[in-house]
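**Q** I am attaching a structure below and will ask some questions about it afterwards.
Dropping the structure here:
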């Protein structure tokens with residue numbers, strides 16, 4: 344249960360019980376019955392910019408928001424916030440990109456929003472500190488519950504993959 348490592352033993356035990364009873368997926372489907380409609384990088388970019396415009400107008404501009412196959416849940420990254428600095432003449436030019444694992448092309452919108460909120464918060468706060476999580480909660484009041492539910496979904500998917508092999 345790698346995705347639930349930092350959670351209390353009670354939550355891990357409950358997730359294990361739901362997995363053993365084959366109820367975890369059913370539980371998640373009741374809470375999040377539909378997938379989002381953002382399947383292309385253009386749609387994802389517009390969705391991310393809407394969130395940025397609503398909550399973080401003064402943050403640096405975003406050059407790109409994409410589903411990137413190089414980002415992988417397997418390597419413990421749901422998304423990445425890339426800060427790219429290039430030298431042009433005697434000046435440094437910075438650009439910001441958000442890259443999200445393509446496995447999230449087919450997930451509930453709440454999970455995609457939670458990942459985008461997390462990556463957008465990194466535009467202002469680089470570290471995972473108290474200010475960072477306060478900003479995440481400002482943009483998404485259910486941030487912590489969504490993060491847990493997303494981790495439960497990943498735990499279920501991992502268990503299903505192991506059952507196939």
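Numbering (our numbering), first residue to last: 344 to 508.
Virtual Cβ for every residue (Gly too), placed ideally from N, Cα, C.
None of the values given here were measured: they were computed from a predicted structure.
DSSP three-state call for residue 445: helix, strand or coil?
**A** As a working note, residue 445 is residue 102 in the chain shown. In this structure, residue 445 counts as helix in the three-state DSSP scheme.
**Q** Between the beta-carbon of residue 440 and the beta-carbon of residue 405, is there less than 9 Å?
**A** Mapped onto the chain shown, residue 440 falls at position 97. Mapped onto the chain shown, residue 405 falls at position 62. For residue 440 and residue 405, yes; Cβs fall inside 9 Å.
**Q** Using 8 Å for Cβ pairs, my map puts residue 463 next to residue 361. What's the rounded Cβ distance?
**A** Taking the first residue of the chain shown as position 1, residue 463 is located at position 120. Taking the first residue of the chain shown as position 1, residue 361 is located at position 18. So it is not a contact: roughly 31 Å between Cβ atoms.
**Q** Excluding sequence positions up to five away, which residues of its chain have a Cβ less than 6 Å from the Cβ of residue 366?
**A** On the chain shown, position 23 is the one that residue 366 refers to. Nothing listed; no residue qualifies.
**Q** Where do the N-terminal and C-terminal ends of the alpha helix (DSSP H) with residue 374 fall, by residue?
**A** Within the chain shown, the letter at position 31 stands for residue 374. Element bounds for residue 374: 367-374.
**Q** Rounded to whole angstroms, what is the Cα-Cα separation between residue 442 and residue 345?
**A** Here residue 442 corresponds to residue number 99 of the chain shown, with the count starting at 1. Here residue 345 corresponds to residue number 2 of the chain shown, with the count starting at 1. Each residue's Cα considered, the two are about 22 Å apart.
**Q** Where does the unbroken alpha helix (DSSP H) through residue 458 begin, and where does it stop?
**A** As a first step, residue 458 is located in the chain shown; it is residue number 115 there, counting from the start. It spans 452-467 - the alpha helix (DSSP H) in which residue 458 sits, taken as one unbroken run.
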